[in-house]
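Structure record follows, encoded as structure tokens.
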Amino acid sequence: MQRVAKARGDLALRRHSEAIAFLVMTGLLVVAPTFAYPVFLMKALCFALFACAFNLLIGFVGLLSFGHALFFGWASYIAAHAAKVWGFPPELAILSGAATAAGLGAIVGALAIRRQGIYFAMITLALAQMMYFFAVQAPFTHGEDGIQAVPRGKLFGFIDLADQSNMYIMVLVIFLGCFLLIYRIINSPFGEVLKAIRENEPRAISLGYKSERYKLVAFVLSATFAGVAGATKALVFQLASLTDVDWPMSGEVILMTLVGGLGTLFGPVAGAFFMVTLENYLTTIGQWVFVVQGVIFVVCVLLFRRGIIGELAQVLRVKL
Amino acid sequence: MFELFGISSQALFGQLLIGLINGSFYALLSLGLAVIFGMLNIINFSHGAQYMLGAFTAYFLLQYAGLGYWWAIFLAPIVVGITGIIIERLFLQWLYKLDHLYGLLLTFGLALIFEGTFRNFFGSSGLPYSVPPALQGGRNLGFMFLPNYRGWVVVFSLAVCLTTWFVIERTKLGSYLRAATENPTLVRAFGINVPRMITLTYGFGVALAALAGVMAAPIYNVSPQMGANLIIVVFAVVVIGGMGSIMGAIVTGFGLGLIEGLTKVFFPEASNTVIFIIMAIVLLIRPAGLFGRSA
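Chains as they are written, first to last, in the working numbering: chain W, 13 to 332; chain A, 783 to 1077.
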């Protein structure tokens, strides 16, 4: 009885720790524009959402996708094209980007989940590279130039997003909405099955769960959120370019998640802000950025596998 | 000279030769990846960077020590292989008990470090490396013109691949290796130093990549990102072949090179992507890979 009561107490504390952390994060993000550039914050928020989407797969299903730039980049192209050439309003442009990412996620996911572990990473990387070549060749992406001067438009027809603070509020609402949705997914019965598959797939199958179907749905969800992030980024920077579909972008989102803490709720956000801030300071050193990223990879894998938030949670003995 | 589907035999065989050469590199690199994966259970993402290091070592040997191609083809694999051994001792040996993914992430980080450093010093443009005098010129085979150097690359890499296959599948040393792959604890109980074998295996796999880099230097320019895009194609080759078999890696490597060459002749737009498309088809039909055992 005592043990049950203690477990309940722990559970309550854990719930609280996540709620408190969420409130702190939201509070910080609301006041942040007073001391940081909005464009910088919006960039960090887009990457934070991208990393959360990636973390949904690696952290809660145990699948390492090395091709998430595919969804991020293609969603950004479609959103930019929709907003600029088809004249879509911003909300529809983002939705069409997300829908594209979901469709691509269904195809790539169906192929990639046929193999496990290390092969899964190689397959996603290879398919992403294939779609990178398509992006280079397709005329609507404008090759090296990318899609430039994408109009931000008017949200719901009356909120002018050319105004920086309106844009920031929209990005923040998208980020927080998706973050809560991901939290909901992870803590739903569906999310529990995903964790069971991560821990012991044969066992989950023996209990009657169709693990492939669960993995595919998780993959499509992750791709969709990555698409929302990419589409939003296209509107923030008013640009969709090859950088966002190329493989270093897939590496970057892995690094952000790793730095923040694989499988933690807030880790990807912390990691994204850390890396975007770091790269902001490092823009002057050119190609050394890759070296710095490489060193962080090596250090994280060898000495710091829990990541920032993972270590913090360990010290505070709470779940974050 | 004759024509086939409106394409001259010269163009057809020329592209097939290029395909065969690319195939040699795919075979050498996927062979190294398969050997390393067998022993270390790590996918060596820095393989492409180590191929690049091989080419740069050849370039440095020529520039700063005056040692030409034949020295380079002997020395560069040793030098890069030793750096591989250092990497294994410093970093990789701590990861064997962890999830395989950490090995992939760590070697990815190493690849970023190597490529970033070289790009910083040598920019993105390639540096020329000339064909050794003994292999300059070419011969007319009647249906096509064969540059001597390209013929050499195909023959030599085939010989290296088959020797590796022979050593691993048919010799005593190879049987130790295979046994250690299956059950390291038991092999250790027989008094064989498995950790040292693992270290040397990594060094050997890396040396193969460096050898491919030296051979590639006179064909492509020596450039910092020569390995980055290649390694992704090689990953696709490995997925298609499956990493279970050494011969499988060799056959798949050469075969896909040829198919890529043919695609360049008949449908050039798809030549970049054909290997990835084949990978997708293989995944649909035979998920374990052509030569793979299902995991």
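We put the CB at the ideal spot given by N, CA and C, even for glycine.
Nothing here was measured: the structure is a model prediction, and the numbers come from that model.
Item checked: Coil, strand or helix - W:F59 by DSSP -> helix
Notebook entry, point to check: What in chain W is Cβ-close to A:T899, meaning under 7 Å?
Noted result: V303
Notebook entry, point to check: Of all the CB atoms in chain W, is at least one closer than 7 Å to the CB of A:M834?
Noted result: no
Next item on the list: Kindly say whether A:M783, judged by its beta-carbon, lies nearer than 7 Å to any beta-carbon of chain W.
Entry: In this prediction, A:M783 has a pLDDT of 48, which is less than 50 and means its spatial position is unreliable; nothing more can be read from the coordinates.
Next item on the list: Answer with buried or exposed for A:H829, where buried requires no fewer than 16 other C-beta atoms within 10 angstroms of its C-beta.
Entry: Classification of A:H829: buried, given that the 10 Å Cβ count is 16 or more.
Note to self: Buried or exposed, going by whether 16 or more other CB atoms sit within 10 Å of the CB of A:K954?
What the structure shows: exposed
Check: Given 8 Å as the limit, is there contact between the stretch 256–272 of chain W and the stretch 139–155 of chain W, that is, 3 or more CB pairs closer than that?
Finding: yes
Next item on the list: Give the residues of chain A in contact with W:I130, contact being defined as C-beta atoms less than 7 Å apart.
Entry: Correct list: I825, H882, L886.
Checklist line | Complete alpha helix (DSSP H) runs within the stretch 947–1006 of chain A (minimum length 4 residues, chain order) | finding: Counting only runs of 4 or more, we get 954–964, 966–971, 976–998.
Note to self: Strictly under 7 Å for the Cβ-Cβ distance: is W:V310 near chain A by that measure?
What the structure shows: Yes, contact with chain A.
Item checked: Through-space distance from W:N178 to W:I171, alpha-carbon basis -> 7 Å
Check: Is the shortest distance between the beta-carbon of A:F807 and the beta-carbons of chain W less than 7 Å?
Finding: no
Item checked: Own chain residues within Cβ distance below 7 Å of A:E1042, not counting five before or after -> G801, N804, S1053, V1056, I1057
Note to self: Using only the alpha-carbon positions, how far apart do W:V304 and W:T289 sit?
What the structure shows: 13 Å
Item checked: Alpha-carbon to alpha-carbon, A:E897 and W:I194 -> 36 Å
Check: In terms of residues, what are the limits of the alpha helix (DSSP H) holding A:G1035?
Finding: 1028–1048
Check: Out of curiosity, what's the CA-to-CA distance linking A:G751 and W:A118?
Finding: No answer is possible for residue 751 of chain A: the residues shown for chain A start at 783 and end at 1077.
Note to self: Taking the alpha-carbon of A:S791 as reference, which of A:G933, A:T839, A:I895, A:V1047 has the nearest alpha-carbon?
What the structure shows: A:V1047
Next item on the list: Counting only the same chain and skipping the five closest in sequence on each side, list residues whose C-beta sits under 6 Å from that of A:L928.
Entry: G920, R921
Notebook entry, point to check: In chain order, what residues of the same chain lie with their CB nearer than 8 Å to the CB of A:V969, ignoring the 5 residues before and after it?
Noted result: Y958, A961, A962, V976
Notebook entry, point to check: Quick one, which of W:A174, W:P280, W:N292 has its alpha-carbon nearest W:L247's?
Noted result: W:A174
Checklist line | Contact with chain A by W:Q10, beta-carbon distance below 7 Å | finding: With chain W covering 13 to 332 only, the question about residue 10 of chain W has no answer from this structure.
Check: For A:W876, which residues in chain W fall below 7 Å Cβ to Cβ?
Finding: L314
Next item on the list: Run the CB neighbour count on W:H28, radius 10 Å, all protein chains shown included, and call it buried at 16 or more, exposed below.
Entry: Around the beta carbon of W:H28, fewer than 16 other beta carbons sit within 10 angstroms, so the residue counts as exposed.
Margin query: Going by the DSSP bridge assignment, what does A:R921 pair with across the sheet?
Written below: A:L928
Margin query: If I follow the unbroken alpha helix (DSSP H) through W:R359, where does it start and stop?
Written below: This structure does not reach residue 359 of chain W, given that chain W is present from 13 up to 332, and the question cannot be answered.
Checklist line | In chain order, each alpha helix (DSSP H) run of at least 4 residues that lies wholly inside the stretch 871–926 of chain A | finding: 882–904
Next item on the list: Consult DSSP for W:K166 and reduce its assignment to one of helix, strand or coil.
Entry: strand
Item checked: Own chain residues within Cβ distance below 7 Å of A:F925, not counting five before or after -> S791, F795
Check: What does DSSP give as the partner residues of W:A252 in its beta bridges?
Finding: W:I159
Item checked: Cutoff 7 Å: A:M1061 Cβ touching any chain B Cβ -> Among the protein chains in the structure shown, which are W and A, there is no chain B.
Notebook entry, point to check: What do you get for A:S806, buried or exposed, if any count of 16 or more other CB atoms within 10 angstroms of its CB means buried?
Noted result: buried
Note to self: Only counting the same chain, and skipping five residues up and downstream in sequence, which positions put a Cβ closer than 8 Å to that of W:L12?
What the structure shows: Past the boundaries of the shown model lies residue 12 of chain W; chain W is included only from 13 to 332, so the question cannot be answered.
Next item on the list: List the whole-angstrom C-beta distance separating A:E822 from A:Y984, where the pair is believed to meet the contact cut-off of C-beta under 8 Å.
Entry: Residue identity check: residue 822 of chain A is Leu in the sequence provided, not Glu. Between A:Y984 and A:L822 the Cβ distance is about 6 Å, and since that is below 8 Å, they are a contact.
Check: Going along the chain, which residues of its own chain have a beta-carbon closer than 6 Å to the beta-carbon of W:A133, five neighbours each way excluded?
Finding: L76, F78
Item checked: 6 Å Cβ shell around A:E870 - same chain, five flanking residues per side excluded -> Around A:E870: T981, Y984.
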